[in-house]
Structures are given as structure tokens and as C-alpha cells.
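Residue numbers (the numbering used here), protein chains in the order written: chain A, 1 to 256; chain B, 1001 to 1256; chain C, 2001 to 2079; chain D, 3001 to 3079; chain E, 4001 to 4183; chain F, 5001 to 5183; chain G, 6001 to 6359; chain H, 7001 to 7359.
Where is the CB? At the ideal position from N, CA and C, for every residue including glycine.
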Amino acid sequence: MSNNITPEEIIKNGTLVFEKTKLMTDAHLSYCPGCGHGVAHRITMEVLEEMGVGDQAIGIAPVGCSVLAYDFMNIDMQQAAHGRAPAVATGIKRLYPDKFVFTYQGDGDLAAIGTNETIHACNRGENIVIIFINNGIYGMTGGQMAPTTLGGMKSSTSPYGRDLGMTGHPIKITEMMATLPGVCYATRQAVHKPGLVRKAKKAIRKAFENQKDKKGLSIVEIVSNCNSGWKMSPVKSNEWLEENMLPVFPLGDIKG
Amino acid sequence: MSNNITPEEIIKNGTLVFEKTKLMTDAHLSYCPGCGHGVAHRITMEVLEEMGVGDQAIGIAPVGCSVLAYDFMNIDMQQAAHGRAPAVATGIKRLYPDKFVFTYQGDGDLAAIGTNETIHACNRGENIVIIFINNGIYGMTGGQMAPTTLGGMKSSTSPYGRDLGMTGHPIKITEMMATLPGVCYATRQAVHKPGLVRKAKKAIRKAFENQKDKKGLSIVEIVSNCNSGWKMSPVKSNEWLEENMLPVFPLGDIKG
Amino acid sequence: MAKIRGAIVVDTERCKGCDLCVVACPTNVIALNKEVNGKGYNPAFPKNHEACIACMNCSLVCPDMCITVYRYKPQKESV
Amino acid sequence: MAKIRGAIVVDTERCKGCDLCVVACPTNVIALNKEVNGKGYNPAFPKNHEACIACMNCSLVCPDMCITVYRYKPQKESV
Amino acid sequence: MTEEIIIAGFGGQGVLSMGKILAYSGIMQDKEVSWMPSYGPEMRGGTANVTVILSDERISSPVLRDFDTAIVLNQPSLDKFEKSVKPGGILLYDPNGIIHPPTRKDINIYKIDAAFEASKMKSSKTFNMIVLGAFLKLKPVVEMENVLKGLKKSLPERHHHMIPMNEEAIKLGIAKVEEVHKI
Amino acid sequence: MTEEIIIAGFGGQGVLSMGKILAYSGIMQDKEVSWMPSYGPEMRGGTANVTVILSDERISSPVLRDFDTAIVLNQPSLDKFEKSVKPGGILLYDPNGIIHPPTRKDINIYKIDAAFEASKMKSSKTFNMIVLGAFLKLKPVVEMENVLKGLKKSLPERHHHMIPMNEEAIKLGIAKVEEVHKI
Amino acid sequence: MKELKLMKGNEAFAEAVIREGVDAYFGYPITPQSEVIEYLMLEEPHKRTGMVVLQAESEIGAIHMVYGAAGAGKKAVTSSSSPGISLKQEGISYLAGSELPCVMLNVVRGGPGLGTIQPSQADYFQTVKGGGHGDYKLIVLAPASVQEMADFVEDGFELAFKYRNPVMILSDGLIGQMMEKVYLKPQKPRLTDEEIREKYGNWATIGHKPSERNIITSLELKSERQEKHNQKLQAKYRKVEKNEVRFEKINCENADYLLVAYGSSARICQKTIQLGKEKGINIGLLRPITLWPFPSEEINKMADNVKGILSVELSTGQMVEDVKLAVNGKVPVEHYGRFGGMIHSPDEVLEALEEKFIK
Amino acid sequence: MKELKLMKGNEAFAEAVIREGVDAYFGYPITPQSEVIEYLMLEEPHKRTGMVVLQAESEIGAIHMVYGAAGAGKKAVTSSSSPGISLKQEGISYLAGSELPCVMLNVVRGGPGLGTIQPSQADYFQTVKGGGHGDYKLIVLAPASVQEMADFVEDGFELAFKYRNPVMILSDGLIGQMMEKVYLKPQKPRLTDEEIREKYGNWATIGHKPSERNIITSLELKSERQEKHNQKLQAKYRKVEKNEVRFEKINCENADYLLVAYGSSARICQKTIQLGKEKGINIGLLRPITLWPFPSEEINKMADNVKGILSVELSTGQMVEDVKLAVNGKVPVEHYGRFGGMIHSPDEVLEALEEKFIK
Ligand SMILES: Cc1ncc(C[n+]2csc(CCOP(=O)(O)OP(=O)(O)O)c2C)c(N)n1
Ligand SMILES: Cc1ncc(C[n+]2csc(CCOP(=O)(O)OP(=O)(O)O)c2C)c(N)n1
Ligand code: SF4
Ligand code: SF4
Ligand code: SF4
Ligand code: SF4
Ligand code: SF4
Ligand code: SF4
Ligand SMILES: [Mg+2]
Ligand SMILES: [Mg+2]
């Protein structure tokens, strides 16, 4: 065949280089168009598939837009109460130290109501992975302010922009977690560009490898959009993320 | 009179240089002999007295040995549920921004069950003072392990010594709090020696001055003994504190 | 050297027309369809399919796993 | 220069005999009594009262606020 | 007079705000009103519906099984609510995207090609107002004057410049509604 | 046989462990037993008490208002529990620190100068065993052999070397108990 | 002058909170009641009255902020929905134990667990019997309209301060999300410290001289004193039971059957009465407005004249126990209700009544 | 071979937990039950059976660790006392909603609020009616002896796994702190994954292939399905009510008066029977062992033959409502009990009985 091969022929004869992992179900995701949760789900499952440990993994879904993660991640999952995923993961992991246990949590879940469970799972050095989707807002409940909401950012509970003096600064919880000896790896990633997706996936892989090697708790924060909550188009929201979120939540490894 | 004056004469004619502040009630403290809570209570009240703001102060007693602080501190006080003192203080201070509002909390209260309320009061930069008595143990309930318990240290729930691998490292919550922009002053003090008592009192004074100047949240950690929980004499426990607690929880200002 | 060629298949019923793949494609292969799908979204399609270089950018950023990518590497001319 | 002299009053019923003042006193003024008080504790007392220099160490470390301290500064000899 | 209405369609079709304008109009005409939405995650992309009741008396149940009028704007809503029209009641629908039209013989059926008319007006935002017009033609439960007042009340100040266009749309709906089946 | 006992004194006097040894001894003698302590912050420095019941039958209420025997080891406990002895029952007390001795006439009153005897033995730890001996003299509800077995059971292995001294103390208590008032 | 608006129940509650002169609202978002805090944030009551509105880090944070503010003698409000209310239980028990006045709102959704976000009345037991530990009672108001969502803010605070007791407004997703006409009362000024002291006595912790100081606590280590404290609470509760029972009777004069229903279910049952009339069945409705104190006496009286009583709730049957306790065996008492977020229609209620008592 | 020991109720519970082959205990200290975790830490069950014992950061942490472990099909235990149990209410509702088996212990102390650390039975409502949100039921066992503190661990797990339902052991400070003889059962081995699957079915999340995967959740966004889920729960509850009612009757044959009492109060009432006999008053005692399901039928039957029923609880009167519901007006039902940490003596109970029914 030559360079003039048609797309149809390529599809028939070419190598398949990308398709949905089997560790994602066929169910259509419940997320808004362009929401970063989808990519974060997928790369997490791709890592488990590539490590060949999907059938040894137990995931914890939070309360937040990803509450239904168990409908999409094609593995054993538990749905945890709002903020308590790290405690739930602790309960499982302590009994199945050789299984792969991870939580998947939003910023409201992990950094507001769940701060205590987060900090103490870190402090005990639970040998788990936390995938932390920081979209600076409570997506699920209609775009209320989160502890991670940027200064001046509008949300349904900061309709005139977050007032740092009244409500505090956007919390950098991953940096706080990194200060604890029980945390072996803390990194901040994003998934709104192809290169970043690749990097984020590598980070998640490293996190699960750490768990395999019993190194302690790994946290992978993913700065993501909530285009619905931010009231922007998906494309616009990713630009806004780049310009506004990343200066406050800079990407890269924080620890390990 | 001459140098040969008798003690009795001195008492009659000398200057009174130290007596119990009126902001402590006459009730006998419920603490064990030699427990650091007493000194911490007293110097807190001395500061309020010296600032002349005892009648503008509202204190929050925790759940812990100092649950009855309101019996001893001769000011308006509320008793808060275990760990929730910073939220209670927030509720008061937001309505009385010009009053002096402080919490008095133990390490179990502040750094275990109350971590969430602690971190978020700090993050919001509530303009309050937290007096934090770190004795590395749950004194009140009979000497159980706290998140601050040292590695290898025995307690009634770590009878063979705290196992860092299973239960995590002693948490340095004050350092974590200091990372938050809402915290203007974070310091670690002790009260088992006269010089340290003087310093600790200065720190508390600074904390309340910060509140007066609306600078944000000040935390004064006081590393203290729990001779009952540690199962040592008061004198021995202070020595043990010096040798074992202070290397892990070094004294001095952490921020501000 | 022979140019690597690619092709994509879009699951139009999964697609939510978010436009992210359109923006991510370095060779402007993808566009959104004027017709809506069953869910009322304008799904992506390879408008300029020949330009595809199988870089997978589109599939990497697609939150809904709609895009399958195939690659074709022609026999090297020198062989 | 005239030596500053001090004296203390111990509220023996408040005292819990913890020994902290004893240890804190630089001039070994204080000791614990053999007799117990109403609560069953051996209270502190100024055994070597004349040595007191009113440094307040004892009162500063006393957790139970038992100790009141008085100071006496003799007329300076030069005046 | 009591008029019990269900309005159902896709999330983006302005179902809830149409109900709201109707309710406000009712208030302007001194009626009792209730507006009860379906809410929750199904609203995200999925379907939405709202029950509106206008009455001269105090309204008892805001929850109903049967309605005087059902206004349905997509196939799933038609499937769901055709059976909920009281015998002799009215079913009003937009035929756009409807594959299985209504079949009941004991009710009055009307259609309004609102999507088409709105696209002609070059403003998709007028869609629900055209439907409202059609409804008001069939059930003049509130006077035009009060509808305009209701519109004004329910729109934030900064959108008041759109009132004339909305008025036009309502009138268009009044003009364009078609009878499909009359008992 | 059912013997209902209250033992009360200061926290440090070994009240709870004395009750425990008595309970263990009861078990060794195949009796039903219950041991119910007061607990809580008042134990810190304050007073402590424990209700011990030994019986040949299943024990119903571990909570009692009146007792066959009250063993009181300080003034507050005497004040509190003198009135709780059943008429005809026994009150046993240590006179050390007692300013207002018991006054009831309808009960049998004994004293044991256990603090004094213990200080003579140069071991304050034997104090409660001396009291126990005194009680056993008055109410031989368990045999000495079983008391020793109970002692062994209730003490951790590493303290077993102290059993002979405790035995001696018990015997001393048996010998030294004095009648104060007999009905 | 009263103001007429078309509002959601949640919004009406929020607006009434501002107009009541409430000092502080502390809450955490949860469907179906997030409109409360969203409305408050949008309205900026700190500009209108100086009122504080703070989004807490959690429901637990929120209830203890309320505890602090209430202890300082201020009018404090929180709101949440079922799972969030469960988290507040320790705090609620503290508020009751410390005798602090406050108003809480539960916009109930279907449970248990995360459940559904649709309306439900399955938190009756939790609210009325004591979701928290210990012997205590909340005064519970059950609004059946958007108007009452607004009105019960004032009523709630009156009761809360009169008895120094927390008040729960037990609503549900239906009442919270629906819009109706509502007449809003004019703005009340927030009370000054002096006014509070005059009106309600000097018990708040706002800073005092040692001789006049106040303490807020629910701890009493001496059991004798704790028992006394409990007795005092019980005496108060008896007083509330005697004075504060509220209910509404509809069509009860010659009713053969009685429906007992509160909140949204009572609204639905009103229509059932109509439907019954059309069928020649004479149905009355007793709507408890206070769920505690419960209108037991009235129901007991009514039991003398009806053939059967149906407790209609959006739950698997909770209030029905209180109805039975009131009736004490006089006539059959049954329960009917959809649950798990499903809502019974007026017709379904009528069918249930017929099936249970007539067929 | 059974082993005889003298133990505190709390210790007996802890030892029985080890011997039951429990997989994990998660708890947070609180008086009067801290001996449970202290005993477990001292005994090092990880050496005896591999059991995990972890002190959580809070009661909330603990209950959700239990949730995780239970969801993984393991036998998990937590314990606390009143305020701590209030904090667990959201988690408990989740466990019930997700149908997870576990055993929880509440060593009740006096409330409300921080209250006192002395014994109480004032958490009956919270436990039996639903302290958390939504329509759910806990199976509730009420031990009246140290022996039962041990025995109910096994019984509890049998019920918990049989019905996939959380079980609460409702004890109090008296039973927890007292020592009695206890016969301990021999050590059971912990179950392997295979044994669990065989015995209880394959529903746990322990890692599976996609085709066989398990999900633990209490969420059902579609109301229709949530209602179905609730119906399933209710059907289960009816089954439990039919099969699992447990009670003990003492001296009931010819009793003129009936005491209904559970736990420590039942122990006290046993002595009251004796005291009654001495006075010529013929008293029977019905001791509910399961508080839910409640022995309503039996009490209803008994009501035919007695002149009055006294519900005796260490509370201001909670179980008395269930007694009244059971009796449905047949005979007078009254409540008696000390509270706030105070404990009634057998004499006081007799005096109350005489006063209410005889004098
Ligand atoms: C106890 C409790 N409180 C509150 C809620 C309501 N709630 C659901 S999701 C959510 C916030 C989710 O935000 P986040 O964790 O950032 O996730 P996102 O939706 O943004 O991905 C809240 C507050 C709840 N379900 N349970
Ligand atoms: C919700 C709740 N959980 C647990 C307890 C029991 N409790 C009382 S004090 C305390 C720990 C106190 O330790 P700390 O805060 O370090 O104070 P300390 O006594 O050492 O000064 C605990 C766990 C309680 N009262 N309430
Ligand atoms: S609301 Fe935000 S976080 Fe949730 S699915 Fe939509 S875009 Fe994503
Ligand atoms: S137990 Fe410890 S902290 Fe508590 S009073 Fe005694 S020494 Fe102090
Ligand atoms: S594979 Fe690359 S070139 Fe091809 S369509 Fe996707 S992004 Fe464009
Ligand atoms: S990124 Fe995916 S969902 Fe979005 S338009 Fe492209 S194919 Fe559709
Ligand atoms: S004042 Fe100083 S010198 Fe005097 S007794 Fe006290 S410590 Fe000793
Ligand atoms: S420090 Fe105070 S309590 Fe301790 S012995 Fe001295 S005087 Fe007594
Ligand atoms: Mg978020
Ligand atoms: Mg401590």
C-alpha cells in the first residue's frame, strides 16, 4: 500500500494504537461535555490494565460528580460517604495489604469535609493511592465554592468572587500532605492537553508502583476543569485553567 | 529594716510580686499533681488580665482533661464538643469581631478528631488564638495514644510502644498550620521551667495582641507533661519531656 | 521516509461535542458535525481525515473515550 | 549592695505536693511536708525560708497557683 | 378555575423558565400558583419537567398524576406524559424530533412547530415563548397583559430589553398553533 | 448464701483490687460473683468504691441500695455508706483519719487498724489485704485456700512473689480485727 | 407591609432568615437545599443587616459554629439535608444539652446512606425521637408550603428563645424546590446585646466580669447533678407539650376516615379529600404543624369519631407510631406512603385508604 | 472447651471479638468503653489470629474504616459511647443502606451533649428508631451480663451476615465496667476469602475481573430504583421481625404486674421481683434481648394477663413507647427510671411499681 491509502483502509489494515481500555465499562459517562473527570478515570484504569492488576484493585468513589465512578471503572468499587474515602480505603487496605486500593476524590470531598480523613491516612502512611481531582469548585452540587476556589473566582456561593479575607486562601492540600512522612509521593498534574495526559498517567503509574512496593501513600492531584461550574465552554475552561489555576496550583512533583 | 528581716516580716511589709490572678477562680484545679495544664491556664489568664480584657474574652474549653477549664478560668466560656473548638470559636468571633476569642485544646482534641476544624479555621484565617497543649497522649480518657505520641512511647493503646510503621509518625500539626496564609503566628513553647513559663507567656501575649490587631490566627503550642498518662512522677516527667519530646517538637517560633 | 498516516473512528453516540479533540488535533483533522446525535450533541468527525498522523492527541484528551486511533506506517522506501 | 530578700506563702490546701517548686527553687528554700493535707498530699513549705530571693521560680512553675511571693529590697546602703 | 399543567422537555429547552413565567403571570392575575420542578442530576443533559398549577382557590397538592394540559417538547416526554392528560384535556407538542406522535382519542391534541419558528426568528431563546403562546391560545388562563408583567417580574432587569422579542414570540405561538385531533 | 458487700475508700487504697481478689476467690469456690466499680474522674485522687456480690445463685442486680457488709476506709465513705448497711449487717472500718465514728446501733460494727498494721509491716501495699483478712474473719464466705488461689489469678505472673506477704497480711487482718459494737 | 413574591421554599426560607434579623447562617452545600446558602450569598445580607453568612468546611463545622454563635446569645441558623443532618447529631445533642436556641432546617431527601436527592419524609424518627444521644427533644416544625418555609423562621426563633431549645424545621425536597406565592414580612432589625439580655435574660457568653460571667456547657460529671439537669429539661419539655402543640384540621367535622399527614404529604392529602368527596367518601385531614410536641391529644379525640386513621408519609412508616401512641388502640391505624424519593399522588392515597379501610 | 474468666464487660467483649475470628477492629477512645481497644492492643490479636486493630483518628474515621472492611466481606467491629455513636450516624446509615454486615458496640453514658460518663440507657431511640437518616433498621442486641457481652459478638455476626445488616450491641457503662464470670468460647479461625464467599455469597469488593466485579453503594439516583431498594430492605426487616425476636421471661407465669426492662436495668429488676415476692406482690419480668426486632407480640400477649406494665429504663422513657405500641391500650403502661448517670436500685423500682399501679 502507498501513502494514498484511504482512512477506511487504514482502519482496516493499520495498527490499532488507541482504544478505550477494557477497565472502563461501556456506559456513557455522566459528566458534562469536556469535563476532566473522564480523562482522569481513563488513565487511572489504563494504568491498572497495563500493570495487569485490574482484578486486584479496589477503588473508592467519593461523593461528588464522580460518585458514579463505579459505573464507569470496570473493577470492584465501594462508594464512600462524603470525604471519608481515605478511611474506607484504610479499612480495606489493612485487610488486603497486597491488593491495589485507591480513592478517587474531588476537592470538596478531599479538602473540605474530608480533610481529617485525608491528613490522618497520610500521617499513618496508609499504603494507598489517592487520585485527587482539583477543579476548584463543588461540581456535583451546582458549583459552590470549595476551599480550593481561587481568589476572586465566582461560584454559586461566592457570586461576587471569592473574598480571601472572609473565606481564606485556596488551600494547597497536596503540599500539606507532602509534609507528612507517611506520604512517599505527592505530585500535581493536569489532563487538558495531550502531553499533560501522558505525564499524568506516568504519575499515576508511579503511584501504583509505590503501592506495590509498599512505600506509603501516594497522592496524584489533577488540576481539572469544571466547565459547568465555571460557566464556560470546555475549551475556554481549559484555557482559563491554564491561565488562572496553574499559577496557584503549579504542576510538577512536590515530593518523591 | 535590715537584711535580717524575717520571712514573716517580708510577707507583711514586702512587695507582693506574685499571686494568683483574679482571672483564675479559687476552685482547686482538677488536674493531677504537677500537670502542665495548670500553668498554661494561669499564664493565659494572666495575659488577659494584663491586657485588661478579661471581660471581653470568651474562651472555648475542649474535651480532654481541660474540659473543666471553665471552672477555673474566671471568664465567659463555652465547652465545645471533642475537636470542634475552632468551629465554635469561629461562630463567636464572626459575630463579635472585637472580643477576644480563644480555644484551649489538647493534642487529641486538636490534632486527632479536630484536625478538620483546626485546619479550616487556620485556612480561613479566623482572627482567634489557639492554645494547644501537646502532651503526646489522651490524658482524660486514661492515657491512650495520640497522633502526637512519640515513636516507641508507651500508652494504653500502644502498650508495647508506638509502632511508627503501623500508626504513623508523631504529627507536627503546628508546622502544618503554619504553612497556611491565614495563620499569622505559630510558636511552640513549654512551661516546665521558670524561664520557659516566662517565654510561653510572652508568646501568648503576642498571640492576643495579634488578635487585637486583627492579624489572623495565632497558635501557641505548649509541650507539656501528662505525668499520669506517662506513668511518671511530675519531676521525672518534665525531665522526660525535655529529653524526648523536645527533640521531636523543638521549641521556638515557627512563623511570625 | 514514508509519512506515517493515521485514521480515527469516533463513537458519535458517546461523543458530547465538547470540541476538545478539535482543538487538540495538530493537523486540524476533526470538526463538529452540524447534525446532533441522539443525546442532542454535535459529535466530532474527521472532516479532514487524510491529514491524520495518528498522534493520538485527540484520543488522549477526549474525556468520553469516543476516539479509536489507527496507524499506518508505509513500507520504508529504502527497503 | 543590699541583698534582695524574698518570702513565700504556700496555700497548703491547694498544694498537691508535686515537687515542681522544690526542683525549681535555685536556693533550695522549699521542701515537702511529711504531714499530708486534707486531700492526702504532702504540701510544700519553705523549709529554708531565709534563703528565698523572691525569684518567683516556684510560683511560675506551680501548676496549682499555691505560692504567693513577696519581695523585700533593703534600703540601698549608699543612700 | 383551576388549570393543572405539566411541561416537559430537554434540559435546555427552557421548560422550567416557561413554567416560571406562567406562574408569575398567574400571580399578576391574582391567582394562586404552584411550580414544582423535577430536579437533580437528570437535569444535566437529560430531561426536565415542571408542574404548574394556576387556580382561583388555595392549591392543595402540587403533585399530580393527571393534568388538564400536558406540554411536551421531546419524544421521551411525550411517551411519559401522553397518558397523564385527563380525558378531555389538552396535549400540546412540538413535532420536531417526534417519531411516534400521540395516539389518544379521548383528548384534544395540538402541535406547535416552535423549534422551526424559533429558528426562523433566528433566536433559539424564543422557543419556549412560542410554545407558551400556543398554550395561551388554547387555554387563555391569563391575559396577555399579565403575561408581559409576569415576564418582566421573572426576568432580571438586565434582560428586560428582550421582552418585546418575547412578546412577539408569544404572539407567533398564538398564531401558529395547529389542531391535530379534536374530540 | 448471698453476700452483698460495698468497699469504699480513697483511690489509692486498693479498694478495687481488694474487691477483685474477693471476686476471684469466690470464683475459686464455685460461687457466682459480680464486681461493680464506681468509675470516672472522681477516681483521680477522689474516692472509689466497688460493690462485690458472692452468691450460690445467679446474681440478679449488681446495683444495690443496702448491703450485708460495708467496708469503709475513709471518712467520706463512712458518711456515705453507714446508712446503707442492712439492719443486722456488718460495718467494718479503718479508724485512721476517722473523726466521726459510726453511730448506728442496729448493726455490728468492727474496726481494723490496717493502716497502722501495714506501716508496721513496712509495706503500704499490704493495707488492703489486712482489711480483707479482717472481713474474712467476720464473714468467712470463702476459704483461705481459695483466697490464695484468687490472689494468684488476679495478680500478674510477675507479682506472684508477693503472694506470701499478702497471705501474711490477710492472716494479720484476721487476728487484729476488733469488735466495736455488737447487737 | 408584606411583600408578595414567587419563590422556591429554600429561597423563601433564606429571605425570611434575613428579614428575621438573624445574626448568622453557617452551612455546607447539599442537594436539595443548596439554594439556601446560594440565595444568602447572592443577597449579601451583611450589607442589608450585618448578618454573617459563612460556608463551613463541613456540616460538623457548621453546627458547631451555630453552637458558638447561639452560646453568644445570637440568632443562628443552619440548614442541610439528610446525610448532612446525620453528621450534625452530636452537635444537636450538645445544643439541646446546653439549652441553646437556634433554628435548623432539614430539607429531607431519600435515604438511607447516600440514597437519592429526591424528596422524602424518612427523617421523622431522627428528628422527633432523637437522632443524637441522650434524653432530649427538638421542637419540630413541619412546613407544608413555601409560605410556611418563610413563616417558621420567625416562629422557630420565638420558640427557640422562649424555651432555650434548638428548633428543627423538617421540610423536604418538594417544599424546598417548589415555587409558590409568599408574603414576606418586613425586615426586623437585628437585636443588640442589650435587647437580647432584656428579652431573653443574661446567659450568653459575650465577655463579662468574673462576678457576672456565663458558662455554656452540657457536662455534669456528678450524676446527681446531671440527673437534676435532665429533670429540668424534662420539665421544660412537658411545658412545651402543654403550650406549643400546633396543627391544622381540614374537613374533620363529619369525617369517617382521618388522614394524618404533615408537610408535602399533607398538601397531597388535601387533594385526596376532594377526590374522596367525588367518590362519596368523607375524609378529614389532621396536619401536625409541630411534630414535637405532637398533637396526640387531638388525634386521640378524633379517634372517637372516625372508623380508621391513615398516617400518610413519604417514608416506610415512622410518624404512624406516634399516631398509634395517640390513638392507643381505639381505632385501626394504618400507614401509607411512597418512599425512596417517590411521591404518592392524591389518587394513590385515596386508593390506599379504600383498600385498607373500606374494601 | 470453654474457658472461665473474671472480666469486665468491655474486656469480655474484646476477648470474644478475637475469639470470634473477627478480622478488624477500628475505634476511638471514649469512656466508659476505652477498655475495649486497650484490651485488644494489649492482647496483640495480630499475633493470635492476624486480626487488625487500629485506633482511628475519630469515630467518623472508625465507622468508615468498618464500612471499607465490611464491604470487603470481612468481619469488622467498632465500639464507642454515646457522643461517639452520634458521630457515626451518617456512617451507620450508609452501612444499612449498602447492606453491610458489621457489629458495633455502644456502651451508653448519660447525655445529652457531653453529659456524664456514668451508665445510661438514653440512646434507645437513637439505636432502635434510627439515629441516622432514612428508613433503615439496625438489629439491636442488649446484653444484660458480662457473659452476654461476650456471647453477642458471635450472635451479632451471625445475624449481621445472615441479613447483611449492621448489628448494634446496646450496652451501658454498668455492664461495660462490671466484672463477672464469663465462659469464653474457643478461638475460631478467621475465615478465608473462599470460606466467606461460600458461606455468605460473592458480593464483597476484594478485586475481581470486570465480568464478576462487585459494587458497594447506597446511592440510587433514580427514585424508582431507590424505592425498590427500600422495599427490598423493608422485606428483609419483616423477615428479621418474624425470625429473630429474642427475649427472656422471668417469673411471668402468674404475674400480676409486668416489668419490661433490658440490659443493666433488667438485672436490677430481677432483684425487684424477689423484693416483690417478700411483699406479696407477684411481678414478672420480660427482658427484650433484641430491642429491634422488639418482642411486641409477646408483650401484647402478656398484656392479657397482667394489671399493669412498667417499662424500667435508665432514661426518661424511651422503650416505653415500644411497649405501649405493643400493648395497644390493653392495660396501663408506665415508665420508671433514673437517668443522667444515676442508677435505680431494685427497691426504687418496686416503690415505683407500687406507686403507679397499687397505691
Ligand atoms: C455529608 C454530605 N454533605 C454534603 C453532600 C453534598 N455534596 C455532594 S457532592 C459535594 C461536593 C463535591 O465537590 P467535589 O468533591 O469538589 O467534587 P466535584 O463534583 O467537583 O468533582 C457535596 C457538598 C453530601 N452528599 N453529603
Ligand atoms: C466525640 C467524642 N469522642 C471521644 C471522647 C472521649 N475523649 C474525651 S477526652 C479525649 C482525649 C483527650 O485528649 P487530649 O485532647 O490530648 O487532652 P488531654 O486530656 O491530654 O489534655 C477523648 C478521646 C469524647 N468525649 N467525645
Ligand atoms: S459539574 Fe463540573 S466536575 Fe461535574 S461533570 Fe460537570 S464539568 Fe465535570
Ligand atoms: S491525666 Fe495527664 S493531662 Fe490530665 S490532668 Fe493528669 S497529668 Fe494532666
Ligand atoms: S490522531 Fe492526531 S492527527 Fe489524527 S485526528 Fe487525532 S489528533 Fe488529529
Ligand atoms: S473530545 Fe471526545 S467527546 Fe469531545 S468532541 Fe471530541 S470526540 Fe466528542
Ligand atoms: S521565690 Fe525563688 S527563691 Fe524564693 S522560694 Fe520561690 S523559687 Fe525559691
Ligand atoms: S509546685 Fe505547687 S502544687 Fe507543686 S508542690 Fe509546689 S506548691 Fe505544691
Ligand atoms: Mg470539585
Ligand atoms: Mg493530650
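### Task
Any chance you could list the residues with Cβ under 7 Å from a heavy atom of ligand 7, keeping chain order?
The filter returns D:3006, D:3008, D:3021, D:3024, D:3025, D:3026, D:3027, D:3029, D:3030, D:3046, D:3051, D:3052, D:3053, D:3054, D:3055, D:3056, D:3057, D:3058, D:3059, D:3067 and D:3069, in chain order.
### Query
Which residues of chain A have a Cβ atom closer than 7 Å to the Cβ of residue 6041 of chain G, listed in chain order?
Going along chain A in sequence order, the residues near residue 6041 of chain G (Cβ under 7 Å) are 157, 158 and 159.
### residue 271 of chain A: CB within 7 Å of a non-hydrogen atom of ligand 3
Any property of residue 271 of chain A remains undetermined from this structure, which presents chain A solely from 1 to 256.
### Query
Considering only C-alpha positions, which residue in the set H:7100, H:7105, H:7118 and H:7186 is nearest to residue 78 of chain A?
Out of H:7100, H:7105, H:7118 and H:7186, H:7100 has the C-alpha closest to the C-alpha of residue 78 of chain A.
### Message
For a test of your reading of the model: does the CB of residue 227 of chain A fall under 7 Å from any non-hydrogen atom of ligand 9? Yes or no.
### Response
The nearest non-hydrogen atom of ligand 9 is 7 Å or more from the C-beta of residue 227 of chain A.
### Query
For ligand 9, is there a heavy atom less than 7 Å away from the beta-carbon of residue 31 of chain A?
The answer is no for residue 31 of chain A.
### Query
Can the beta-carbon of residue 5058 of chain F be found closer than 8 Å to that of residue 5084 of chain F?
Result no, Cβ atoms of residue 5058 of chain F and residue 5084 of chain F do not sit closer than 8 Å.
### Query
How is residue 4012 of chain E classed by DSSP in three states: helix, strand or coil?
Three-state result, residue 4012 of chain E: helix.
### Query
Would you say residue 7079 of chain H faces chain B, with C-beta separation under 8 Å as the test?
No - not a single Cβ of chain B is within 8 Å of the one on residue 7079 of chain H.
### CB contact flag (residue 4052 of chain E, residue 4008 of chain E, <8 Å)
Result no, Cβ atoms of residue 4052 of chain E and residue 4008 of chain E do not sit closer than 8 Å.
### Query
Who are the neighbours of residue 6181 of chain G on chain E, taking C-beta pairs under 8 Å?
4027, 4032 and 4033, listed in chain order.
### Query
Using a threshold of 7 Å, is the CB atom of residue 6309 of chain G nearer than that to any non-hydrogen atom of ligand 10?
In this structure, residue 6309 of chain G has its beta carbon at no less than 7 Å from each heavy atom of ligand 10.
### Query
How about residue 6230 of chain G: is its Cβ closer than 7 Å to a heavy atom in ligand 3?
If you check the C-beta of residue 6230 of chain G against ligand 3, you find no heavy atom less than 7 Å away.
### Task
Consult DSSP for residue 6305 of chain G and reduce its assignment to one of helix, strand or coil.
Residue 6305 of chain G: coil per DSSP, three-state reduction.
### Proximity test, Cβ basis, 8 Å: residue 124 of chain A and chain B
For residue 124 of chain A, the closest Cβ of chain B is nearer than 8 Å.
### Task
Please confirm whether any heavy atom of ligand 10 lies closer than 7 Å to the CB of residue 1135 of chain B.
Yes; taking the cut-off as 7 Å, the Cβ of residue 1135 of chain B has a heavy atom of ligand 10 nearer than that.
### Query
Measuring CB to CB, does residue 168 of chain A end up less than 8 Å from residue 1091 of chain B?
The answer is no: Cβ separation not under 8 Å.
### Message
For a contact defined as C-beta to C-beta under 9 Å, what are the partners of residue 2031 of chain C on chain A?
### Response
Near residue 2031 of chain C there are no residues of chain A at all, since even the closest Cβ is about 14 Å away, more than 9 Å.
### Neighbour flag for residue 7096 of chain H against chain A, beta carbons, 8 Å
Contacts with chain A at 8 Å (Cβ-Cβ) do not include residue 7096 of chain H.
### Query
Within the chosen definition, does the stretch 2008-2017 of chain C reach the stretch 2062-2073 of chain C through at least 3 CB pairs nearer than 8 Å?
Segments in contact, yes.
### Query
Grouping DSSP H, G and I as helix and E and B as strand, with all else coil, what is residue 109 of chain A?
Looking at residue 109 of chain A - three-state DSSP - the assignment turns out to be helix.
### Message
Distance cutoff 8 Å, beta carbons only. Does residue 6205 of chain G sit that close to anything in chain B?
### Response
Closer than 8 Å to the CB of residue 6205 of chain G there is at least one CB belonging to chain B.
### Message
Please confirm whether residue 6351 of chain G has its beta-carbon closer than 8 Å to some beta-carbon of chain H.
### Response
Among the CB atoms of chain H, none fall inside 8 Å of the CB of residue 6351 of chain G.
### Query
Would you say the stretch 7340-7351 of chain H touches the stretch 7115-7128 of chain H, given that touching needs at least three Cβ pairs under 8 Å?
The stretch 7340-7351 of chain H, when compared against the stretch 7115-7128 of chain H, does touch it at the 8 Å Cβ threshold.
### Task
Starting from residue 5088 of chain F, trace the beta strand (DSSP E) both ways and give me its first and last residue.
Per DSSP, residue 5088 of chain F is one residue of the beta strand (DSSP E) stretching across 5085-5093.
### Query
Skipping 5 residues on each side, what residues in its chain have a beta carbon closer than 6 Å to that of residue 6159 of chain G?
The answer, listed in chain order, is 6139 and 6167.
### Message
Counting C-beta neighbours from all protein chains within 10 Å, is the total for residue 7235 of chain H 16 or more, i.e. buried, or is it exposed?
### Response
With fewer than 16 other Cβ atoms within 10 Å, it is exposed.
### Message
For residue 5049 of chain F, which residues in the same chain have their Cβ closer than 7 Å to its Cβ, ignoring the five residues on either side in sequence?
### Response
So the qualifying residues of the chain are 5006, 5007, 5008, 5015, 5038 and 5077.
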